[in-house]
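Colleague: Please find one structure pasted underneath; my questions will follow.
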Amino acid sequence: MIRFYKYIFLIAIVALGISCSDDNKLGGATPISDLITIDEVREVYKGTDITLSSSVFQGPYKTTGVVISNPEGKNIEDNHLILQATDGFSMGNMSRSIGLQISLPSAMENTYKMGDSLVIDLTNTKLKKENGDLILEASKSNIVKIKSDCKVIPSPVSLNELYNNIDKYNCRLVQILCEIYPLPPFGEGLEGDKPMPVYDAEGSITGNLYLHTLSSATFADKNVMPASDVIGIAKLKDGKGLVSMRTEDDMQNESGPLYTNWPEDFEIPSIEAGGVPSALTSYNSGTNTGTFKTGSWYLFQSILVDPVLANTAGRDRITGKQGIRMQRTLGVGKYGVVEMKFNLPHGATKISYTHGIYYTDAAVQFWLEYSIDSGATWNKLGETITSNNGFYTETLMLDIDGPVRFRIYKPGAAADGRLSIDNIYVYQKTW
556 MIRFYKYIFL IAIVALGISC SDDNKLGGAT PISDLITIDE VREVYKGTDI TLSSSVFQGP
616 YKTTGVVISN PEGKNIEDNH LILQATDGFS MGNMSRSIGL QISLPSAMEN TYKMGDSLVI
676 DLTNTKLKKE NGDLILEASK SNIVKIKSDC KVIPSPVSLN ELYNNIDKYN CRLVQILCEI
736 YPLPPFGEGL EGDKPMPVYD AEGSITGNLY LHTLSSATFA DKNVMPASDV IGIAKLKDGK
796 GLVSMRTEDD MQNESGPLYT NWPEDFEIPS IEAGGVPSAL TSYNSGTNTG TFKTGSWYLF
856 QSILVDPVLA NTAGRDRITG KQGIRMQRTL GVGKYGVVEM KFNLPHGATK ISYTHGIYYT
916 DAAVQFWLEY SIDSGATWNK LGETITSNNG FYTETLMLDI DGPVRFRIYK PGAAADGRLS
976 IDNIYVYQKT W
């Protein structure tokens, strides 16, 4: 069952192996030729328990990877660890799982820490299913630690992609935008399985992933917030797709729920369908106010664009079909805005949006502002942002009570570029 690509993998370890090996051996102990990939180990399992040996693999009988679980957080069984392949070939392999959960006889034998690079001798180990997940039963004598403090970068993935391909992401370190629904009672802890719904194109829930926290976890009592950025280990257990945080630090940018009908992606109304007033496609119109999905927006020295229709595809830094382009070189003392003309009633805990300069234009400076008096006065939020060549996501954590509205403010300059704005998310403070 060994594939020809095994030899490519062996070369990749030498060339790209995150500094956990030398040019010929891992830790001076294991010849590269003795190694097989984790996904090849997983392929051996055919539905029944199997004891492994070199004869099973027709040659190489060892595998390697880096520990991505963290025993300090206690969100994994104390005699278990999870190993992920980190060589360049495996990290680029999105057709199979590149991680493996290992069960040791006791917690006393599990002395391994997150970031440890290990070589596993598969002789007399056993592959079996436990609660629907594939487990490798091994002992401490099967394991050699090569190096400590190796870094594994999580794979960013959408909930839809993870849900539809959980087998491929199983036992891989992932980074997700976690949104809990139904909304948890205010003050509820993380313990248990918190549903993260997956939606179809029409906005209907098609299934759930779950944020999984054991009662033993050091952060089990931490309040669950409806939205956050989470790093965790993707798992498949009893047919359910799970994401397990390792420590409390794996949850960042916590906020209330996303407001209904958000994000504002400026896809509705459609220019192609002829539903857009001409003022919204003219920079200097004084009546650039239009009704979008979230409400009424004022576009001053800013226009709604469909790059394909405008023959500027690839130049506007937007996603989807439409977005906003702000004018360049307005002159000192002038300005452009993308401004909400309505209030959000429940305050705000977080706002994020994407931006980038148009095509090869000069760099642009701009900032975000908010108003708590229905737009009578505006206050700057955060620092002045410089947008250069590229496509960026900006996120600000907030603590704003009561009705609030936001705008992007681009001050006039003697010479600067055009600015793309898209995908504005605002999260409530109370619910």
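For the sequence shown, position 250 (counting from the first letter as 1) is numbered 805 according to my numbering, and the numbering increases by one without interruption.
We treat Cβ as the ideally placed atom computed from N, Cα and C, and that holds for glycine.
Because the structure is a prediction, the values reported are computed rather than measured.
#1: From the DSSP output, which residues share a beta bridge with M881?
#2: T950 to T678, Cα distance in whole Å?
#3: Which residue spans inside the stretch 895 to 963 form an unbroken beta strand (DSSP E) run of at least 3?
#4: Where does the unbroken beta strand (DSSP E) through I786 begin, and where does it stop?
#5: Below 8 Å, how does it come out for the stretch 812 to 827 and the stretch 873 to 888: are there three or more Cβ pairs, yes or no?
#6: In whole angstroms, give me the CA-to-CA distance for K795 and Y718.
#7: Can you give the Cα-Cα distance for G787 and Y765, rounded to whole angstroms?
#8: I think N616 touches S608, with their Cβ atoms under 8 Å apart; what is that distance to the nearest whole Å?
#9: Among E822, L859, Q856 and G830, which has the Cα closest to the Cα of K848?
#10: Quick one: Cα of L689 to Cα of L638, how far?
#11: Decide if N697 is buried, meaning its Cβ has at least 16 other Cβ atoms within 10 Å, or exposed.
#12: Is there contact here, the stretch 968 to 985 with the stretch 789 to 805, by at least three beta-carbon pairs under 8 Å?
#13: Would you give the residue range spanned by the beta strand (DSSP E) that Y754 belongs to?
#14: How far does the alpha helix (DSSP H) with I623 in it extend, from its first residue to its last?
#15: Helix, strand or coil for V892, going by three-state DSSP, please let me know.
#16: Taking the continuous alpha helix (DSSP H) assigned at I721, which residues delimit it?
#17: If I'm right that W922 touches E894 with Cβ under 8 Å, what's the distance once you round it to whole angstroms?
#18: A868: buried (16+ other C-beta within 10 angstroms of its C-beta) or exposed?
#19: Among all the DSSP beta bridges, which residues are the ones paired with P711?
#20: Can you tell me whether L689 is helix, strand or coil according to DSSP?
#21: Quick one: is the Cβ of S907 within less than 6 Å of any heavy atom of the ligand HEM?
#22: Quick one: what does DSSP say M663 is sitting in, helix, strand or coil?
#23: State the beta-bridge partners of K984 as determined by DSSP.
#24: Does the separation of the CB atoms of V596 and C705 fall below 7 Å?
#25: What did DSSP end up calling T603 once you bin it into helix, strand or coil?
#26: Does the distance from the CB of A662 to the CB of N686 come in under 7 Å?
#27: Leaving aside the five residues before and after T842 along the sequence, list all residues of the same chain whose C-beta is less than 6 Å from its C-beta, in chain order.
#28: As a quick exercise: from G850, G758 and L791, pick the residue whose alpha carbon is nearest that of R727.
#29: P958: which of V863, F946, N944 and D928 sits nearest, CA to CA?
#30: Cβ atoms of N898 and R962: under 7 Å apart, would you say?
#31: What residue range does the beta strand (DSSP E) around V863 cover?
#32: Could you give the C-beta distance for L797 and H767, rounded to a whole number, given that I count them as a contact under 8 Å?
#33: Name the two residues that bound the continuous alpha helix (DSSP H) containing I593.
#34: Can the beta-carbon of L885 be found less than 7 Å from the beta-carbon of Q856?
#35: So, helix, strand or coil for N763, using DSSP?
#36: With distances taken from CA atoms, which of G670, D642 and L659 is nearest E627?
Modeller: Taking the definition as stated:
#1: Locating residue 881 in the sequence shown gives position 326, counting from the first residue. Beta-bridge pairing links M881 to S857 and L974.
#2: Counting from 1 along the sequence shown, the entry for residue 950 is found at position 395. Counting from 1 along the sequence shown, the entry for residue 678 is found at position 123. Taking the straight line from one Cα to the other gives about 49 Å.
#3: 903 to 912, 919 to 926, 934 to 942 and 947 to 955
#4: Here residue 786 refers to the residue found at position 231 when the sequence shown is read from its first residue. First-last of the beta strand (DSSP E) with I786: A782 to K792.
#5: yes
#6: Here residue 795 is taken as the residue at index 240 of the sequence shown, counted from 1. Here residue 718 is taken as the residue at index 163 of the sequence shown, counted from 1. Answer to the nearest angstrom: the Cα atoms are 9 Å apart.
#7: Along the sequence shown, one-based indexing puts residue 787 at 232. Along the sequence shown, one-based indexing puts residue 765 at 210. Their backbone Cα atoms lie some 11 Å apart in a straight line.
#8: Taking the sequence shown and counting its residues from 1, the one referred to as residue 616 is at position 61. Taking the sequence shown and counting its residues from 1, the one referred to as residue 608 is at position 53. In the sequence under discussion, the amino acid at residue 616 is Tyr, which differs from the Asn named in the question. About 7 Å separates the two Cβ atoms, so the contact holds.
#9: If you number the sequence shown from 1, residue 848 lands on position 293. When only C-alpha atoms are compared, the closest one is E822.
#10: The count along the sequence shown starts at 1 and reaches residue 689 at position 134. The count along the sequence shown starts at 1 and reaches residue 638 at position 83. C-alpha separation (whole angstroms): 12 Å.
#11: By 1-based counting over the sequence shown, the position of residue 697 is 142. Looking at its Cβ environment, which holds 16 or more other Cβ atoms inside 10 Å, N697 is buried.
#12: no
#13: Taking the sequence shown and counting its residues from 1, the one referred to as residue 754 is at position 199. Taken as a continuous stretch (DSSP letters only), the beta strand (DSSP E) holding Y754 covers G747 to Y754.
#14: Residue mapping note: residue 623 aligns to position 68 of the sequence shown, counting from 1. Neither: I623 is in no alpha helix (DSSP H) and is coded neither H nor E.
#15: In the sequence shown, counting from the first residue as 1, residue 892 sits at position 337. Here V892 sits in strand by DSSP.
#16: On the sequence shown, position 166 is the one that residue 721 refers to. Run containing I721: I721 to Y724, per the alpha helix (DSSP H) assignment.
#17: Translated into the one-based positions of the sequence shown, residue 922 becomes position 367. Translated into the one-based positions of the sequence shown, residue 894 becomes position 339. Not quite, the Cβ-Cβ distance comes to about 13 Å (not below 8 Å), so this is no contact.
#18: For this step, residue 868 is matched to residue 313 along the sequence shown. The residue is exposed, with fewer than 16 neighbouring Cβ atoms inside 10 Å.
#19: The residue given as residue 711 occupies position 156 in the sequence shown. Paired residues: Q730.
#20: Walking along the sequence shown from the start, residue 689 turns up at place 134. Strand at L689.
#21: Inclusion of the ligand HEM in the displayed structure is not the case, the ligand content being empty and no account of it being possible.
#22: Working through the sequence shown from its first residue, we reach residue 663 at position 108. If DSSP states are grouped into helix, strand and coil, M663 belongs with the helices.
#23: Reading the sequence shown from its first residue, position 429 is the one you call residue 984. Answer by DSSP bridge pairing: none, since K984 is not bridged.
#24: Against the sequence shown, residue 596 aligns to sequence position 41. Against the sequence shown, residue 705 aligns to sequence position 150. The answer is no: Cβ separation not under 7 Å.
#25: As a first step, residue 603 is located in the sequence shown; it is residue number 48 there, counting from the start. Coil, per DSSP.
#26: The sequence position of residue 662 within the sequence shown is 107, counting from 1. The sequence position of residue 686 within the sequence shown is 131, counting from 1. Their beta carbons are not under 7 Å apart, which means A662 does not touch N686 by this criterion.
#27: Counting from one through the sequence shown, the residue named residue 842 turns up at place 287. Only A834 meet the Cβ criterion.
#28: Residue numbering aside, residue 727 sits at position 172 when the sequence shown is read from its first letter. The candidate whose alpha carbon is nearest that of R727 is L791.
#29: In the sequence shown, counting from the first residue as 1, residue 958 sits at position 403. Cα-wise, what sits closest to P958 is D928.
#30: In the sequence shown, counting from the first residue as 1, residue 962 sits at position 407. In the sequence shown, counting from the first residue as 1, residue 898 sits at position 343. No, these two residues do not count as a Cβ contact at 7 Å.
#31: Here residue 863 refers to the residue found at position 308 of the sequence shown. It is not in any beta strand (DSSP E) - V863 carries neither H nor E in the DSSP assignment.
#32: Position 242 of the sequence shown, counted from the start, is the residue given in the question as residue 797. Position 212 of the sequence shown, counted from the start, is the residue given in the question as residue 767. Right, the Cβ-Cβ distance comes to about 4 Å (below 8 Å), so this counts as a contact.
#33: Translated into the one-based positions of the sequence shown, residue 593 becomes position 38. Per DSSP, I593 belongs to the alpha helix (DSSP H) from I593 to E598.
#34: Numbered from its first residue, the sequence shown carries residue 885 at position 330. Numbered from its first residue, the sequence shown carries residue 856 at position 301. Yes.
#35: To locate residue 763, count along the sequence shown from 1; it is residue 208. It is a strand residue.
#36: Along the sequence shown, one-based indexing puts residue 627 at 72. The residue with the shortest Cα to Cα distance from E627 is G670.
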